[in-house]
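Asks: Chains as they are written, first to last, in the working numbering: chain A, 58 to 351; chain B, 26 to 266; chain C, 9 to 349. For each residue, glycine too, the CB sits at the ideal point set by N, CA and C.
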Amino acid sequence: MSITLSFPLLAQAFVSGIMLGGVFALIAIGLTLIWGVMGIINFAHGEFLMVGMYIAYFLAARTGLDPYFTILVTVPALFLIGAGIFRVNIQPVLKDPVMNQILLTVGLMLVLQNLALVLFTATPLSLDNPYNKMIFNVGPVVIPLSNLLGFVGSLLGVAILWWFLRYTDMGRAIRAASQNREAATLMGIDVRRTYLVAFGIGSACVGLAASLMIPFYYVAPLVGAFLGLVAFIVVILGGMGNVLGALVGGLIIGLTETMGAAILPGSLSRVLTFAIFILVLLFRPQGIFGRRQA
Amino acid sequence: MAMLSVRDLTKCFGGLRAVDNLSFDVEEKEIVGLIGPNGAGKTTTFNLITGFLSPTAGEVIFDGRPLSDLKPHQICKLGLARTFQIVQPFPDITVLENALIGAYVRHPSTAAAERKARETLERVGLTHKADELAKNLTLIELKRLEIARVLATGPKMLLLDEVAAGLNLAEIDEILELVRELNDQGITFLVVEHVMKVIMSLSRRIIVLDFGKKIAEGTPDEVSRDPRVLEAYLGEEEAVA
Amino acid sequence: MMRNLLQGRRFIGFALLFLFLALLPLPLSRSPKGEYYLHIIILVLLYAYLSTAWNILGGYAGQHSLGNGLYLGAGAYVSTILFLKLGLTPWVGMWIAGAAAALLGWFVGYVCFRYGLKGGYFALVTIALAEAAVYLTTNIRWLGGARGLEVTWMGHRPLLMQFEGKTGYYYIILVMAALSILYTAWLDRQRFGYYLVAVRENERAADALGVDPLKIKTQANVVSAFMTGLGGTFFAQYYTYIHPRLVFGEGPSVQILLFAIIGGLGTVWGPAVGALILVPIAEFARAQLGGSFAGAPLLLYGAVLMVVMLFMPHGILGVVESVMEKVGHRGKAATGERASE
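1) Starting from C:Arg-253, follow the alpha helix (DSSP H) in both directions and report where the run begins and ends.
2) Give the straight-line distance between the Cα atoms of C:Asn-76 and C:Leu-54, rounded to the nearest whole angstrom.
3) Output, in chain order, the set of chain C residues within a Cβ distance shorter than 7 Å of A:Met-156.
4) Can you give me the C-alpha to C-alpha distance between A:Asn-78 and C:Met-235, rounded to a whole angstrom?
5) Would you check if the region 272-283 of chain C and the region 125-145 of chain A touch, i.e. whether three or more CB-CB distances between them fall below 8 Å?
6) Residues bridged to B:Cys-37 by DSSP?
7) At least one CB of chain A closer than 8 Å to the CB of C:Val-119: is that the case?
8) Could you tell me which residues DSSP pairs with C:Arg-165 in its beta bridges?
9) What number of angstroms, rounded off, separates the C-alpha of B:Ile-86 from the C-alpha of B:Leu-95?
10) For B:Lys-54 and C:Ala-228, what's the separation of their Cα atoms in angstroms?
11) Of the residues that make up the region 138-168 of chain C, which ones have a beta carbon closer than 8 Å to any beta carbon in chain A?
12) Under 7 Å Cβ to Cβ from C:Thr-226, same chain only, skipping five residues before and after it: list those, please.
13) Tell me whether the beta-carbon of A:Leu-66 lies closer than 8 Å to the beta-carbon of C:Gly-310.
14) Is the distance from the Cβ of B:Val-44 to the Cβ of B:Gly-237 below 8 Å?
15) Might you give, ordered along the chain, the residues of its own chain that have their beta carbon closer than 8 Å to the beta carbon of A:Thr-330, omitting 5 neighbours on each side?
16) Relative to the alpha-carbon of B:Asn-46, which residue among B:Ile-111, B:Val-254, B:Leu-234 has its alpha-carbon at the smallest distance?
17) Per DSSP, what kind of secondary structure is A:Phe-193 in: helix, strand or coil?
18) Any idea if A:Trp-92 is buried or exposed, counting beta-carbon neighbours within 10 angstroms, 16 or more meaning buried?
19) Does A:Phe-331 come within less than 8 Å of chain C when only Cβ atoms are used?
20) Give the residues of chain C in contact with B:Gln-113, contact being defined as C-beta atoms less than 7 Å apart.
21) Using a Cβ-Cβ cut-off of less than 9 Å, give me the residues of the region 43-57 of chain B that come near chain C, in sequence order.
22) Find out if the Cβ-Cβ distance for the pair A:Ala-68, A:Gly-196 is shorter than 8 Å.
23) What three-state label does DSSP hand A:Met-297 in the structure shown?
24) Between A:Phe-64 and chain C, is there a C-beta pair that is closer than 8 Å?
25) Report buried or exposed for B:Ala-195, applying the criterion of at least 16 other Cβ atoms within 10 angstroms of its Cβ.
26) Using a Cβ-Cβ cutoff of less than 7 Å, which residues in the same chain neighbour B:Tyr-258 once the five nearest sequence positions on both sides are dropped?
27) For C:Val-262, which of C:Trp-161, C:Ala-206, C:Gly-124, C:Trp-62 has the nearest alpha-carbon?
28) Return yes when the C-beta of A:Glu-314 is under 7 Å from any heavy atom of the ligand FAD, and no when it is not.
29) Counting C-beta neighbours from all protein chains within 10 Å, is the total for C:Pro-252 16 or more, i.e. buried, or is it exposed?
30) Kindly say whether C:Gly-218, judged by its beta-carbon, lies nearer than 8 Å to any beta-carbon of chain B.
31) Scan the region 310-327 of chain A for residues whose Cβ lies nearer than 8 Å to a Cβ of chain C and list them as they occur along the chain.
32) Against C:Ile-270, what residues of chain A qualify as contacts under a CB-to-CB distance less than 8 Å, listed in chain order?
33) Reducing DSSP to helix, strand and coil, say where A:Ala-351 ends up.
34) So which residues of chain C does A:Phe-289 contact, with C-beta pairs closer than 7 Å?
35) Between C:Leu-94, C:Val-316, C:Glu-329, which has its C-alpha nearest A:Gly-164's C-alpha?
36) What first and last residue would you give for the beta strand (DSSP E) that runs through B:Asp-88?
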């Protein structure tokens with residue numbers, strides 16, 4: 058089996074990968090916040106994205122609202138959903154062994170996935186919108202506007218979150234709580250409220266990503282399954298709780314997916330992605346930017 | 026030949042020398058105390074001896090056998106066992122089952138191991154709690170369990186890490202009694218303690234650490250009069266003797 | 009770790025249950041409705057078996073693999089390939105499949121535990137491995153690719169592990185399930201079983217007490233993988249059609265661990281109880297709600313998992329245990345019982 062590698066093909070894959078990677082980064086950043094702050098591995102993170110995408114889709118499709126304006130709805134909606142789910146489901150089990158928390162989110166993942174399947178069926182939905190039809194041609198590379206906007210929006214989202222964590226009181230509280238829960242409590246930080254907010258913000262990030270994605274990505278009950286896993290991979294790769302790490306990790310995985318798909322036959326690029334994941338977990342579990350924990 | 030021989034043992038964590046060229050011996054059937062101010066490197070020394078940490082330099086020889094590269098479970102099988110500063114029970118199983126796991130080292134069959142386990146429970150006075158889940162025990166009971174468990178492994182030598190911590194005076198006396206009995210029955214001890222009463226009355230010989238180095242060695246009497254020792258402890262809160 | 013199955017009265021109870029189950033096909037196989045019930049019981053037994061296999065690693069040793077589908081698939085594919093390409097009867101192929109799964113389990117276990125993967129990280133790796141297996145097999149045409157493999161139906165051929173009707177399959181899985189429970193009950197009283205628990209409860213303390221955590225965890229993984237691999241062969245023979253997502257996907261993996269958790273981790277009967285309660289309900293839901301509600305069983309499972317984690321994390325048997333404890337210490341001569349060995 059011969060594989061024709063050509064510059065145009067690789068260049069396209071590269072650019073697509075970067076753009077996809079930006080979106081991966083935004084999805085992952087919510088997770089790295091939740092995981093880094095609370096040590097909770099939220100297996101339902103991808104499903105939150107899926108929920109956001111359905112909200113955005115129906116809003117745009119039924120009301121004719123410009124997909125990017127759905128951000129005004131999905132971000133607060135996902136914040137509330139995330140915070141609500143945290144309050145009702147996760148906060149009660151915070152004191153239990155970590156595995157129980159993980160299993161709880163696995164249960165949540167199953168519920169959301171299959172609820173969506175039951176309500177919407179497995180048929181993928183594609184939003185009819187002008188943005189994926191406006192194309193830029195840069196040399197041999199084709200860049201749909203929707204992808205470009207998704208990329209730019211993601212970077213903006215990452216930047217805003219970074220700014221928030223760095224320069225606001227709540228952001229600093231979150232960072233403090235992530236580094237040392239006890240010390241943070243002693244310093245007067247209401248850790249429970251901080252967790253709630255962190256979970257909400259992490260979910261809101263996914264809401265943003267959802268709106269950014271519907272112009273160029275399909276909507277289906279199982280999209281969260283793979284994208285959620287990607288988020289985990291990016292977080293591990295970049296280092297838990299690390300914003301820059303999520304960005305770099307996202308780009309790497311985005312590139313792996315697209316370049317891998319260009320070079321390797323079939324869906325072997327996925328195997329490559331998982332291989333990277335496993336290798337990182339084995340040999341450098343703290344990720345690229347993470348600190349080795351004692 | 027000494028039962029335990031520590032030679033030039035050194036452990037560095039980055040730039041910090043937690044244990045610095047430490048050398049000492051423990052003879053068979055001795056009870057040797059290891060003391061020093063907080064952070065002197067006592068628990069690190071224990072961890073080095075029992076295989077939980079690997080030394081940067083130096084070696085440990087137990088019963089004629091070098092312990093370098095051996096893992097904790099292998100060292101335990103050789104007859105050198107330890108307790109932990111913060112008790113480490115198996116919470117969701119019974120007291121008997123806790124001891125059972127220790128007993129399996131020398132008794133692979135469940136019947137024999139159970140007999141041994143009951144025997145050790147009796148020695149530490151926990152028979153009445155045999156069917157209680159470990160997580161329901163009081164601190165002194167947990168300490169006794171810790172000893173029973175490690176006793177069940179049939180050790181020649183025991184390393185006790187601050188076994189008296191958190192106990193009241195009567196309970197401390199109980200533990201002292203127990204250690205003396207076990208020593209009479211042939212077990213060698215190396216004991217880390219902060220509670221001076223314990224160390225002074227138990228040990229035949231005491232080694233004093235400060236900043237990872239041995240600063241004094243001798244009988245309790247000698248050590249308590251050594252100016253270097255007093256200086257190291259100045260400003261340190263001594264437990265009420 | 010309470011009253012054990014292998015003793016006196018309890019064993020008789022077990023034998024009676026086995027006998028009862030063994031006699032069931034006689035009346036049931038006479039009607040289509042009865043055959044349907046047999047099908048449900050087969051599913052219960054199959055998942056009780058797979059869950060019991062998982063329980064050794066996840067319940068006893070405390071290493072929660074979320075990707076045991078890897079071994080299910082490995083077993084299913086190995087025996088099916090051997091059958092399709094070499095005409096090897098699955099009765100023999102099954103053991104090769106089990107060995108292959110065990111080897112895989114050894115490799116995965118050793119590497120993961122050697123590098124100190126625990127808890128959530130270990131879970132993630134197992135998920136990634138199972139997912140990777142999906143994509144890998146999808147891309148290998150020789151393994152049937154995305155379309156999977158069909159176990160060619162050759163009529164009622166017991167020597168090829170193919171049966172008309174459900175009865176043949178029923179007995180196979182009944183024996184497998186019974187043996188797995190007997191094995192677990194035996195293990196519960198052996199050094200290996202206690203070592204598994206020690207590693208789960210406190211790895212450091214176990215290490216200090218002469219237990220080799222790496223060896224024990226790896227062994228648990230191997231045993232679990234082996235048993236699951238054998239189950240994979242049955243799976244392939246019973247469904248007569250396997251494809252990557254069906255066996256390697258998260259469906260089986262999650263269900264396998266689910267029943268153990270709901271029933272009670274680290275207990276002999278927990279997985280079976282969990283399967284017994286949930287599988288029929290899920291199948292009922294699937295049957296009632298029909299095609300477009302194919303997600304109904306998993307939806308149910310997810311909801312139950314959440315409820316269990318929130319309100320009874322020790323599973324159903326855990327609740328039973330604490331109720332019994334409160335009702336009265338029936339002279340906890342449980343250990344007295346044990347002494348008579």
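Replies: Checking against the coordinates, here is how it stands:
1) Following the DSSP letters along the chain, one finds C:Arg-253 inside the alpha helix (DSSP H) bounded by residues 252-256.
2) C:Leu-54 has its alpha-carbon roughly 14 Å from the corresponding atom of C:Asn-76.
3) His-72, Gly-127, listed in chain order.
4) Correcting the residue type first, residue 78 of chain A is Gly in the shown sequence and not Asn. Separation of A:Gly-78 and C:Met-235 (C-alpha to C-alpha, rounded to the nearest whole angstrom) is 40 Å.
5) Taking 8 Å as the limit for Cβ pairs, the verdict is that the region 272-283 of chain C does not touch the region 125-145 of chain A.
6) Answer is B:Arg-42.
7) Under the Cβ criterion of 8 Å, C:Val-119 is counted among the residues facing chain A.
8) Within the DSSP secondary-structure output, C:Arg-165 pairs in a beta bridge with C:Gln-170.
9) Whole-angstrom Cα-Cα distance: 11 Å.
10) In this model, B:Lys-54 and C:Ala-228 are separated by some 39 Å (Cα to Cα).
11) Under the 8 Å Cβ criterion, the region 138-168 of chain C contributes Glu-139, Ala-140, Tyr-143, Leu-144, Thr-146, Asn-147.
12) Scanning its chain for C-beta atoms nearer than 7 Å, with the 5 sequence neighbours on each side dropped, one finds around C:Thr-226 the residues Trp-114, Gly-117, Tyr-118, Phe-121, in chain order.
13) Judged by their CB atoms, A:Leu-66 and C:Gly-310 are not nearer to each other than the 8 Å cut-off.
14) In this structure, B:Val-44 places its C-beta atom within 8 Å of the C-beta atom of B:Gly-237.
15) Once the five neighbours on either side are set aside, the close Cβ partners of A:Thr-330 are Val-287, Ile-290, Ile-310, Thr-313, Glu-314, Gly-317.
16) Ranking the options by Cα distance to B:Asn-46, first place goes to B:Leu-234.
17) In this structure, A:Phe-193 counts as strand in the three-state DSSP scheme.
18) Within 10 angstroms of the beta-carbon of A:Trp-92 lie 16 or more other beta-carbons, which makes it buried.
19) Closer than 8 Å: yes.
20) Ordered by position in chain C, the residues that pass the 7 Å Cβ test against B:Gln-113 are Asn-210, Arg-212, Ala-213.
21) Against chain C - using a Cβ distance shorter than 9 Å - the region 43-57 of chain B contributes no residues.
22) Cβ distance < 8 Å, so A:Ala-68 and A:Gly-196 count as in contact.
23) Looking at A:Met-297 - three-state DSSP - the assignment turns out to be coil, as it is neither helix nor strand.
24) Not closer than 8 Å to any Cβ of chain C, the Cβ of A:Phe-64 fails to qualify, so no.
25) Label assigned to B:Ala-195: exposed.
26) Excluding sequence neighbours, B:Tyr-258 sits near Pro-62.
27) Residue C:Trp-62 holds the alpha-carbon nearest to the alpha-carbon of C:Val-262 among C:Trp-161, C:Ala-206, C:Gly-124, C:Trp-62.
28) With respect to the ligand FAD, the structure offers nothing, as it holds no ligand at all.
29) Answer is buried; the Cβ neighbour count reaches 16.
30) Output row for C:Gly-218: interface = yes.
31) For the region 310-327 of chain A, which is checked against every Cβ of chain C, the residues closer than 8 Å are Pro-322, Gly-323, Ser-324, Leu-325, Arg-327.
32) None at all; the shortest Cβ gap to chain A is about 10 Å.
33) Residue placement at A:Ala-351 cannot be trusted, given a pLDDT of 36 that sits under 50; what the coordinates show is reported in the next sentence. Taken through DSSP and simplified to helix, strand or coil, A:Ala-351 comes out as coil.
34) By Cβ distance, chain C contributes Leu-132.
35) It is C:Val-316.
36) Boundaries for B:Asp-88: no beta strand (DSSP E) harbours it, and the DSSP string shows neither H nor E there.
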